[in-house]
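Student: This is the structure I have questions about; it appears just below.
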Ligand SMILES: [Zn+2]
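Residue numbers (our numbering): 12 to 286.
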């Protein structure tokens, strides 16, 4: 009798569970629909809602950002901002000017199409005239990155406009403090400039890896994450062997990577790929 009761109870509870299951599933799907809706509402306010303190159409940097210890960006939805492959200046500190260069310079011509690097929402559309970036754009992306496009001849998008990766957002130019038309391209996280060369390989027109992880204490500052090892900017008096020694590579490797011969005369300011 006791055994029968136990058996009976088990049978009953199993039956109950069986009958409840579809309701559970329904509830779960309602939950995730509600969650999805909530996410959509938040995303429509601004992308990366969970990590950024605010949305504004004014400044590149943030005063009130809380910087996490680390953060991983999904780079897979990328599109190269330009089809051009020649890097004309690298990311890093410029001792001579005592200021940082917060992006990569890529050779483009006036009127060339510039494309959004990822899906996102246009945050800043401004013109600094002859100063700084000249005509520039800032886009906030769903993956948490912001990208900056400077020295444009024309902006094709408006503030708060949603854009898809690869969408034409501007035309290349030579506005602002610029000598010769080029695209000044920055990748930032909460206003902190990160070296784009660690994420984008313009020469190969591809991303370096599917993800990039930012580490707060690893020195993502302009000095800490300079493109040492990746690119080198030729200084007066440099020779291929001197650069090879400094960068821990060989002359033949430098020649191969940069399509040079051992006799090529280096020009100060020239950017060499080192790895
Ligand atoms: Zn630049």
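Even for Gly, the Cβ is constructed at its ideal location relative to N, Cα and C.
Determine the extent of the alpha helix (DSSP H) in which residue 263 is found, giving its start and end residues.
Tutor: Segment 262 to 269, the alpha helix (DSSP H) holding residue 263.
Student: Can you tell me whether DSSP reads residue 201 as helix, strand or coil?
Tutor: DSSP places residue 201 in coil when its eight states are reduced to three.
Student: Please enumerate, following chain order, all residues with a beta carbon closer than 6 Å to at least one heavy atom belonging to ligand 1.
Tutor: Going by the Cβ distance cut-off, the answer is 100, 112, 114, 116 and 195.
Student: Out of 58, 276 and 274, which has the shortest C-alpha to C-alpha gap to residue 157?
Tutor: Comparing Cα positions, the closest option is 58.
Student: State the Cα-Cα distance for the pair residue 66 and residue 266, rounded to the nearest angstrom.
Tutor: Approximately 46 Å, taken between the alpha carbons.
Student: For residue 197, which residues of its own chain have a beta-carbon under 7 Å away from its beta-carbon, when the five flanking residues on both sides are left out?
Tutor: Only 113, 114, 158, 159, 204 and 207 meet the Cβ criterion.
Student: Taking the alpha-carbon positions, what's the residue 72 to residue 149 distance?
Tutor: Distance between the alpha carbons of residue 72 and residue 149 is about 10 Å.
Student: Looking at the unbroken beta strand (DSSP E) that takes in residue 179, where does it start and where does it end?
Tutor: Note, residue 179: beta strand (DSSP E), 179 to 182.
Student: In terms of alpha-carbon separation, which member of 278, 171 and 191 lies closest to residue 136?
Tutor: Of the candidates 278, 171 and 191, the one whose C-alpha sits nearest the C-alpha of residue 136 is 171.
Student: Checking the sheet assignment: what are the DSSP bridge partners for residue 137?
Tutor: Answer by DSSP bridge pairing, in chain order: 147.
Student: Short of 8 Å in beta carbon distance, which residues of its chain neighbour residue 162, apart from the five on each side in sequence? Order them along the chain.
Tutor: Cβ neighbours of residue 162 beyond the five flanking positions: 144, 145, 146, 147, 183, 184, 185, 186, 187, 189, 192, 193, 194 and 195.
Student: Per DSSP, what kind of secondary structure is residue 254 in: helix, strand or coil?
Tutor: The answer is helix: DSSP assigns residue 254 an H, G or I state.
Student: Between residue 93 and residue 119, how many whole angstroms is the CB-CB distance? I'm expecting something under 8 Å.
Tutor: Rounded, the Cβ-Cβ distance is 5 Å, consistent with contact.
Student: Quick check on this structure: which residue in 270, 74, 79 and 277 has the alpha carbon closest to the alpha carbon of residue 253?
Tutor: Closest option to residue 253, Cα to Cα, is 277.
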